[in-house]
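Take a look at the structure below.
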Amino acid sequence: MAPILEIRSLSHVYSTGTPFEHEALKDVSFSVERGEFIGMIGHTGSGKSTLIQHLNGLLKPTSGSVLFHGEDIWRDVKFTRSIRFKVGLVFQYPEYQLFEETVYRDIAFGPKNMGLTEREIDERVHRAAGFVGIEEENLQKSPFDLSGGQKRRVAIAGVIAMEPEVLILDEPTAGLDPAGRESILQNIRDYQASQHAAVVMVSHSMEEIASNVDRLIVLADGTVAMTGKPSEVFSRAQELIEIGLDVPEITRVFLRLRELGVPVDSSVFTVEQAKDAILRLKRGGAPRA
Amino acid sequence: MLKDITLGQYFPGKTVVHRLDPRTKLVLVIVYIVALFLAKNFLSYGVVLVYLIAVIEISRIRLRVILNSLRPLLFVILLTAILNLFYSGGTPIVSFWIFKISKEGIVNAAFMVLRITMLIAGTFMLTYTTSPIALTDGLENLLSPLKKLKAPVHELAMMMSIALRFIPTLIEETDKIMSAQKARGADFESGNIIARAKAMIPILVPLFISAFRRADELATAMECRCYHGGEGRTRLRQLRYAGRDLGAYLTGAALLAAVIVLRNFGL
Chain A
0 MAPILEIRSL
10 SHVYSTGTPF
20 EHEALKDVSF
30 SVERGEFIGM
40 IGHTGSGKST
50 LIQHLNGLLK
60 PTSGSVLFHG
70 EDIWRDVKFT
80 RSIRFKVGLV
90 FQYPEYQLFE
100 ETVYRDIAFG
110 PKNMGLTERE
120 IDERVHRAAG
130 FVGIEEENLQ
140 KSPFDLSGGQ
150 KRRVAIAGVI
160 AMEPEVLILD
170 EPTAGLDPAG
180 RESILQNIRD
190 YQASQHAAVV
200 MVSHSMEEIA
210 SNVDRLIVLA
220 DGTVAMTGKP
230 SEVFSRAQEL
240 IEIGLDVPEI
250 TRVFLRLREL
260 GVPVDSSVFT
270 VEQAKDAILR
280 LKRGGAPRA
Chain B
0 MLKDITLGQY
10 FPGKTVVHRL
20 DPRTKLVLVI
30 VYIVALFLAK
40 NFLSYGVVLV
50 YLIAVIEISR
60 IRLRVILNSL
70 RPLLFVILLT
80 AILNLFYSGG
90 TPIVSFWIFK
100 ISKEGIVNAA
110 FMVLRITMLI
120 AGTFMLTYTT
130 SPIALTDGLE
140 NLLSPLKKLK
150 APVHELAMMM
160 SIALRFIPTL
170 IEETDKIMSA
180 QKARGADFES
190 GNIIARAKAM
200 IPILVPLFIS
210 AFRRADELAT
220 AMECRCYHGG
230 EGRTRLRQLR
240 YAGRDLGAYL
250 TGAALLAAVI
260 VLRNFGL
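For the protein sequence lines, the chains are A and B, in the order given.
If you count the first sequence from 1, position 142 lands on 141 in numbering that gives the first Met the number 0, and the numbers rise without skipping.
If you count the second sequence from 1, position 205 lands on 204 in numbering that gives the first Met the number 0, and the numbers rise without skipping.
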């Protein structure tokens, strides 16, 4: 089966022909399959934001192409616009883009632009609100009266309400407290599971990436530096650190343990796995000199 | 798209024009405008034009940049030309229906176009070669005598520099909000005027909210650093006149003198 999204040797140059010319992406290729949870990491300025804006046709590639179910999204203007409903993009700090008088109407903005009927819109708003845990009584409130975390949920619901096949999020948990972070991640996982959608999440938190994603894409200087399962990527700790990234803290502990001569498995990147690894080690009773 | 707007844009450089004291440049722009409005025949216009071209040449600002900055005002320039062409009186050369074109009309129209173009190009030379911060410093300094009359000169200058400082920030913000609303299927390009105006609401509301939020944050940050206005403040950049400023003032005086002479004893 063809992947939902396929990016083929995409390059993007900003301000071509001026002194400010800057090549943000160079020959990037990857694909997104149905039901996948992809993590995207990269240093600031590595091209993550530029890349995700190509996935729903907000930016046009300088060269290369973006295929949605095998069709070039830049085929014609109408098609490009329709892609925006199928590839939902949640920007960084999305709560700053709220504008309607009520939460309900803000969430309904996307579905309304899709040209759905009143009834469908109503259903979708309630469904989306359900996914992100906004209570019924809050739907008629002004979004500006809500707390920061609640606003973020409303903004995410505004994209989820379009029920995209691919949901892209740029640092959805930035600036939230730990409880808020975990619950937003849970909301995203719920949406993914129920719609069998693909999710692409940009994050700076290696822990978040490690415990959520199936596959990782590492960007460095506008190119894909590494790609693979978290276990594969995080086992290349030294390379990650060289491009200004990191591995989860727990992985660092285990790498250090290995350096000290403890025969542990160093492909550990969540606390759960760490527990198992230590238990295995104890059961195995490996002698420590 | 939005980033292409040149609004008092500054082109950094190291030419003599760039290095002049902002006060000198401000005064010279005023002298230039006065000279431009005093000019009333070919020769006096010619002198002002030569002065403008010399400044453009020395500052190495490309002509294309200046022509581009004139483009938004093309309509005003054309309208003035047309009005002058038909309503200048004098003896008509060509006439049809209620329109009469006279020799005076043609001359007046040409002069008006020249005057407006040179006015805009001249003032743009100031903002192209002077950084906004230097400009407000210069303005504050030139207006400081008004402090004696209890005019809030420092506060006005501060407001100006803050406003200038936030133009790029707000443009960037607008770009971001537009992308975010486009991602939700907002359409800014199609539909009639009313539909398009309505489509602006999802941009304007968040933009205003963020502008107020920024203003609030900035005010708090300034208070945290004990900002309390102009009284007794020293400055990071002291304005100092140099030899070149004297030279520039002399060219300004010469320009004004030449225009007055040519105007009154015009050839």
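Note that beta-carbon positions come from the ideal geometry of N, C-alpha and C, so glycine has one too.
Everything numeric in this text was worked out from a predicted model, so none of it was measured.
Simplified DSSP state of Ala23 of chain A, which is helix, strand or coil
strand
Alpha carbon of Arg195 of chain B to alpha carbon of Glu100 of chain A, nearest angstrom:
20 Å
Within 8 Å of any Cβ in chain B, is that where the Cβ of Gly109 of chain A sits?
yes
My understanding is that Ile3 of chain A touches Arg33 of chain A, with C-beta atoms under 8 Å, so please give their C-beta distance in whole angstroms.
6 Å
With C-beta atoms as the reference, is Ala154 of chain A less than 8 Å away from Arg123 of chain A?
no
With a threshold of 8 Å between beta carbons, is Arg287 of chain A in contact with chain B?
Only weak support exists for where Arg287 of chain A lies, its pLDDT of 47 falling under 50; the coordinates are left without a value.
For Phe268 of chain A, decide whether its Cβ has a neighbour in chain B, counting only Cβ atoms nearer than 8 Å.
Chain B, which has no Cβ nearer than 8 Å to the Cβ of Phe268 of chain A, makes this no.
Status (buried if at least 16 other CB within 10 Å, exposed otherwise) for Thr135 of chain B:
buried
Ile51 of chain A and Ser30 of chain A: beta carbons closer than 8 Å?
no
Span of the beta strand (DSSP E) holding Met225 of chain A?
222–227
Write down the C-beta distance between Asn211 of chain A and Leu184 of chain A rounded to the nearest angstrom, noting that I regard them as a contact closer than 8 Å.
With a Cβ gap of about 6 Å, Asn211 of chain A and Leu184 of chain A count as contacting.
Mind checking if Pro93 of chain A is an interface residue toward chain B, Cβ cutoff 8 Å exclusive?
It does; some Cβ of chain B falls within 8 Å.
Residues in the stretch 183–200 of chain A having any Cβ partner in chain B nearer than 8 Å
None of the residues of the stretch 183–200 of chain A has a beta carbon lying less than 8 Å from any beta carbon of chain B.
Regarding Ile192 of chain B and the ligand SAH, is the C-beta to nearest heavy atom distance less than 7 Å?
The ligand SAH is absent from the structure shown, which contains no ligand whatsoever.
For the alpha helix (DSSP H) holding Glu56 of chain B, just list the boundary residues, first then last.
For Glu56 of chain B, the enclosing alpha helix (DSSP H) has its first and last residue at 41–58.
Using 8 Å as the cut-off, can you tell me whether the stretch 210–227 of chain B makes contact with the stretch 185–194 of chain B, which would need three or more C-beta pairs spanning the two stretches below that distance?
No, they do not touch.
Alpha helix (DSSP H) runs wholly inside the stretch 24–70 of chain A, at least 4 long, in chain order
47–54
Residues sharing a beta bridge with Phe84 of chain A, DSSP
Phe84 of chain A is not bridged to any residue.
Is Pro205 of chain B buried or exposed, if buried means 16 or more other CB atoms sit within 10 Å of its CB?
buried
For Leu141 of chain B and Arg22 of chain B, what's the separation of their Cα atoms in angstroms?
7 Å
Note down, in chain order, every chain B residue with its Cβ under 7 Å from the Cβ of Met113 of chain A.
Gly184
Closer than 8 Å, CB to CB, is Arg104 of chain A near chain B or not?
no
Beta bridge counterpart(s) of Ala91 of chain B as assigned by DSSP:
Looking at the sequence itself, residue 91 of chain B is Pro, so the reference to Ala does not match. Pro91 of chain B pairs with B:Ser101.
Going by DSSP in three states, Leu184 of chain A sits in which element: helix, strand or coil?
helix
Span of the alpha helix (DSSP H) holding Glu94 of chain A?
First-last for Glu94 of chain A: undefined, no H or E at that position.
Applying a beta-carbon distance threshold of less than 8 Å, which residues of chain A neighbour Ala252 of chain B?
Near Ala252 of chain B there are no residues of chain A at all, since even the closest Cβ is about 37 Å away, more than 8 Å.
Determine, for Leu57 of chain A, whether the minimum Cβ-Cβ distance to residues of chain B falls below 8 Å.
yes
Go through the stretch 110–159 of chain A residue by residue and report every complete run of the alpha helix (DSSP H) that reaches 4 residues or more, in order.
List check, alpha helix (DSSP H) in window: 117–130, 147–159.
Determine the direct distance from the alpha carbon of Pro131 of chain B to that of Leu244 of chain A, and round the result to whole angstroms.
38 Å
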